[in-house]
Amino acid sequence: MAEIVLARVDDRLIHGQIVNEWISAVNPTHLIIIDDDLVTDKFMSDIYRALIPIWLEAKILSVDSAVSYLSDMEDRDVRLFILARTPEIFDELVCRGVPIKEVSFADKMYFQNKIAIPKAYQNAMRQLTAKNVKLYAIQHPSDMKEEILLNRKSKKE
């Protein structure tokens, strides 16, 4: 049975902290980056792929392709690490039946008393919360999870 070991919002996608800390901490068999723009940018896709450890099966998918791919993985014995730049991606996945139970957020904007979260992100996060998806901010795997509270003032769109 497929297990989503980490669903993470990180606008940088692949970087040193992901490769050196998170992949080691959650021990995935597959890394799925969901980004409609990156799918069509071969140059940047190749750069991201070059940063991913060779032993880890990696895919860069559009939202539509990700839903189909994740559905196909349901009955396989795999550990999935899903990365996206924004919470809207995870809201769309959950709406389309992907069984995500929690989403971690990397960017400092999601930590309490930091900069305001954009309204579009807040809306997606409220939708996720309404579907019983837990949301938390965390920088490093060894840090404590900080629950995300959505009552802060938002940026204008």
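In this note's numbering, the protein residues as written are 370 to 526. C-beta: ideal position from N, C-alpha, C; glycine also.
Give the C-beta separation of residue i and residue j to the nearest angstrom, bearing in mind that I take them to be a contact with Cβ-Cβ under 8 Å.
i, j, result
"Met442", "Leu452", "With 8 Å as the limit, Met442 and Leu452 do not qualify as a contact, their Cβ atoms being about 16 Å apart."
"Glu515", "Ala493", "So it is not a contact: roughly 19 Å between Cβ atoms."
"Tyr417", "Ile383", "5 Å"
If you run the structure through DSSP and keep just helix, strand and coil, what is residue i?
i, result
"Ile416", "helix"
"Val447", "coil"
"Lys470", "coil"
"Leu425", "coil"
"Leu382", "coil"
"Ile507", "coil"
Considering only the beta carbon of each residue, do residue i and residue j sit closer than 8 Å?
i, j, result
"Pro510", "Trp391", "yes"
"Ile429", "Asp404", "yes"
Just mark residue i as buried or exposed, buried being the case when its beta carbon has 16 or more other beta carbons within 10 Å.
i, result
"Phe474", "buried"
"Glu426", "exposed"
"Ala435", "buried"
"Pro397", "buried"
"Leu375", "buried"
"Lys525", "Bear in mind that the predicted position of Lys525 carries a pLDDT of just 36, short of 50, making it unreliable; the figure below should be weighed with that in mind. The residue is exposed, with fewer than 16 neighbouring Cβ atoms inside 10 Å."
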